[in-house]
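Residue numbers (the working numbering), protein chains in the order written: chain R, 216 to 618; chain D, 1214 to 1586. Backbone N, C-alpha and C define an ideal beta-carbon position, used for all residues, glycine too. One structure is given here, and the rest of the page talks about it.
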């Protein structure tokens, strides 16, 4: 009986486009499958191996960042992996020609003609990896105090912070949610500059597939965007059952979905990916771009919501009768990475992020600037004001994102 | 002394249909008065501080029994050490819930009782001879669970355990226990001293009704303890309620093997006694969550909420008392159905406290499930 589940269930969706005033209404027919499953002549056309590989590399680096015997050279070699080098525990990753560093701040829309920012951003990630080894690991068995790196309790967990209260592993991981995952999805693969590059549209119209593959170039680009979100889910065709499959965007779509104020957002993102892909099959590019706009809005919101959430949580923790520094610093460190990620968000139907790099840089300076010891000195009003300023750029409210 | 009036029901009649004037009428018959200050004094003076005092006495006795064992590692001295450990561990169950103020500052609960303890790490640290048990990363290698390992887990019987305290590593072993006990003693003494020197008045005088008032905060801490540490920590997690896989190694006092129920029941008694405002060690009660509910005239389905909650505490006690040791229930039954049924009775108290009681008292719950990363 279970086999029934694998039968392609097609839903025929009728779109009536009414936005033309000249009475030029058209009816579009798109076969929207129930799951992210697409075939051509009986062959699967969905492929995002490269994205899965990079997410797996990321998960290994996240672990290595908290293993104090790791060297800075090892971390940087993992991040900038060269094919064949023995950087990972998983042999398949060592054999891969992919790495994370070359896809950091690497989108066509934002960085193809902005290599100076690209270099600055990559330098940040390189520096955070090195700093973990140079500043944190030597003080692994030291109690952190203002101005001194070391360990600090956060509930039953122990966190490892620098002299100003920041966890570099959180900066790196949460920062890459923006600089790699979101940037690649929103500003690269869902960009018309990529989807419609060269003869992609004509090829897709004519069902001309990529040599040796069953997909068209445009289909593949869209799937690569999809793979950065769902590449590690157990059943990537129906991914929302196990959100949290990676340490990057997937996990935080799950977290935001878990907030009643945003319930449904995970399905909205998934449905937009699926319908957009179905629209490519149906050669309906307007529908495709409408779905891309929804994805841009919703994924940008995930980053905005988490930025606000962590700042507000930290404010509450520091405002208690007994301030919980460990838990608050952990939240702010995650928040720091999400705020960093804001520069890679994308306002739908524009070429702009919700916050520019200059604005993000200024926010992060503010966050660390209330006293000589960074977060140990942070004012509650700094956290509140920053959360308010971030929420103001989005459609969600401060209150919705705070709990 | 009707200074503090809480849970007041206002019947507001607003006459503003045709004019700009507004009038608000309060029906005095629905006014309930309950003195939160009196409840806080009862908590601090008759329950919390006497309980901490008794715990400090237990810790002293534990040190004494250990000193005898260290000077002469006989079976009798091991058994006495073990007896003092159990007695102190039971008293711990009566203070573990008070994680507010001084205990919250030092994180007393997670310093005293993280289990399972990491025995591999203990052996490594012990051999290395260099360790700082005050570091948060070492909380899983000290406290009562680490002592459980040393006095119950080093061998199959007392002779085998004693042999470990006579072999070539005995100095390292004694040195490590010295450090564990010193850490437990310092933490306890500091918390007790802080309650007596200043926190008692801070706690009692913060007698308002707001998210930062003592009653609101402590009721949250109390329910948090019941839900996360008593219900989940002692039963739910080893049962595999949240993961689907039972983990017998996660029962409290795993190496002793027989007393996890006893420790649980002590904790259950402590939470029920606290609910009823029962003085520590004296058969007398004062203002409490129970009398507060009565003053509010809280009923659920036509019955007094106070009575419902006490009846459920009693049902939970009856169910858990009928079980074999948690370790054997989990290890010898697949699935451990009897313990699951008992767990269900323990669980039923959670919504009564966390929903019915707090809504009657207009207290909001301030804890959510942690982020988990």
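- Distance, Cα to Cα, residue 1252 of chain D vs residue 1306 of chain D? 22 Å
- Would you tell me roughly how many angstroms separate the C-alpha atoms of residue 285 of chain R and residue 1296 of chain D, rounded to the nearest one? 45 Å
- Query: For residue 1533 of chain D versus residue 1476 of chain D, is the C-beta spacing smaller than 8 Å?
  - Reply: no
- Give me the Cβ distance between residue 1488 of chain D and residue 1509 of chain D, rounded to the nearest whole Å; I'm assuming they're in contact under 8 Å. Not a contact, Cβ separation roughly 14 Å.
- Beta-carbon of residue 472 of chain R versus every beta-carbon of chain D: anything under 8 Å? no
- Item | alpha helix (DSSP H) runs contained entirely in the stretch 1336-1416 of chain D, provided each spans 4 or more residues | 1356-1365, 1371-1377 and 1383-1407
- Task: May I have the straight-line CA-CA distance separating residue 611 of chain R from residue 351 of chain R, to the nearest angstrom?
- Result: 36 Å
- Task: Report the rounded CA-to-CA distance for residue 238 of chain R versus residue 505 of chain R, giving the unit in angstroms.
- Result: Only weak support exists for where residue 238 of chain R lies, its pLDDT of 43 falling under 50; the value from the coordinates is given anyway. Approximately 21 Å between the Cα atoms of the pair.
- Task: Label residue 307 of chain R either buried or exposed according to how many other C-beta atoms from any shown protein chain fall within 10 Å of its C-beta, with 16 as the threshold for buried.
- Result: exposed
- Message: I want to verify the contact list: residues of chain R whose CB lies under 7 Å from the CB of residue 1331 of chain D, in sequence order.
- Response: Ordered by position in chain R, no residue passes the 7 Å Cβ test against residue 1331 of chain D, which lies about 13 Å from the chain.
- Task: Indicate whether residue 513 of chain R and residue 247 of chain R have their beta-carbon atoms separated by less than 8 Å.
- Result: no
- Task: Would you kindly work out how many angstroms separate the C-alpha atoms of residue 605 of chain R and residue 436 of chain R, rounded to a whole number?
- Result: 31 Å
- Task: Give the DSSP-derived three-state secondary structure of residue 1314 of chain D in the structure shown.
- Result: coil
- From residue 564 of chain R to residue 592 of chain R, what distance separates their C-alpha atoms? 40 Å
- May I ask you to list the residues that DSSP assigns as paired with residue 516 of chain R? Looking at the DSSP assignment, residue 516 of chain R forms no beta bridge with any residue, so it has no partner.
- Query: Can you list, in chain order, the residues of its chain whose CB lies under 6 Å from that of residue 1262 of chain D, leaving out five sequence neighbours each side?
  - Reply: 1408
- Compute the Euclidean distance between the alpha carbons of residue 571 of chain R and residue 578 of chain R, then round it to the nearest angstrom. 11 Å
- Query: Whose Cβ in chain R lies nearer than 8 Å to the Cβ of residue 1440 of chain D?
  - Reply: Chain R residues near residue 1440 of chain D: none, gap ~15 Å exceeds 8 Å.
- Item | Environment of residue 409 of chain R [buried if 16+ CB atoms lie within 10 Å] | buried
- Leaving out five residues before and five after residue 383 of chain R in sequence, what residues of the same chain have Cβ atoms less than 7 Å from its Cβ? 343, 346, 347, 351 and 377
- Item | Euclidean distance between Cα positions of residue 613 of chain R and residue 1513 of chain D | 36 Å
- Task: For residue 540 of chain R, count neighbouring Cβ atoms within 10 angstroms of its own Cβ and tell me buried if that reaches 16, exposed if not.
- Result: buried
- Message: Under 8 Å, Cβ to Cβ, is there at least one residue of chain R near residue 1242 of chain D?
- Response: Confidence at residue 1242 of chain D is low in this model, with a pLDDT of 44, below 50, so the placement of that residue should be treated as unreliable; the coordinate-derived value is given next. It does not: the Cβ of residue 1242 of chain D has no partner Cβ on chain R nearer than 8 Å.
- Task: Mind the definition here: the stretch 1314-1324 of chain D touches the stretch 1397-1412 of chain D only if three or more C-beta pairs lie below 8 Å; say whether that holds.
- Result: yes
- Message: Just verifying my parser: in three-state terms, what is the DSSP assignment at residue 312 of chain R?
- Response: coil
- Task: Report all residues from its chain with a CB closer than 6 Å to the CB of residue 1484 of chain D; omit the five preceding and five following residues, and keep chain order.
- Result: 1439
- Item | Residue closest to residue 496 of chain R, alpha-carbon to alpha-carbon, out of R/370, R/260 and R/339 | R/260
- Message: In chain order, what are the residue ranges of uninterrupted alpha helix (DSSP H) at least 4 long that sit wholly in the stretch 373-410 of chain R?
- Response: 383-391 and 407-410
- Quick one: Cα of residue 359 of chain R to Cα of residue 1517 of chain D, how far? 50 Å
- Query: Residues in the stretch 364-393 of chain R with C-beta within 7 Å of chain D's C-beta atoms, listed in sequence order?
  - Reply: 366, 367, 368, 370, 371 and 373
- Query: Interface residues of chain R around residue 1323 of chain D at Cβ under 8 Å?
  - Reply: 368, 370 and 371
- Task: Leaving aside the five residues before and after residue 296 of chain R along the sequence, list all residues of the same chain whose C-beta is less than 6 Å from its C-beta, in chain order.
- Result: 302 and 314
- With a 10 Å radius around its C-beta and 16 neighbouring C-beta atoms as the bar for buried, classify residue 1455 of chain D as buried or exposed. exposed
- Query: Looking at the unbroken beta strand (DSSP E) that takes in residue 369 of chain R, where does it start and where does it end?
  - Reply: 365-369
- Cutoff 8 Å: residue 1587 of chain D Cβ touching any chain R Cβ: In this structure chain D extends from 1214 to 1586, so residue 1587 of chain D is not present and cannot be described.
- Task: Thinking residue 1529 of chain D and residue 1558 of chain D are a contact (beta carbons under 8 Å), I'd like their distance in whole angstroms, please.
- Result: 4 Å
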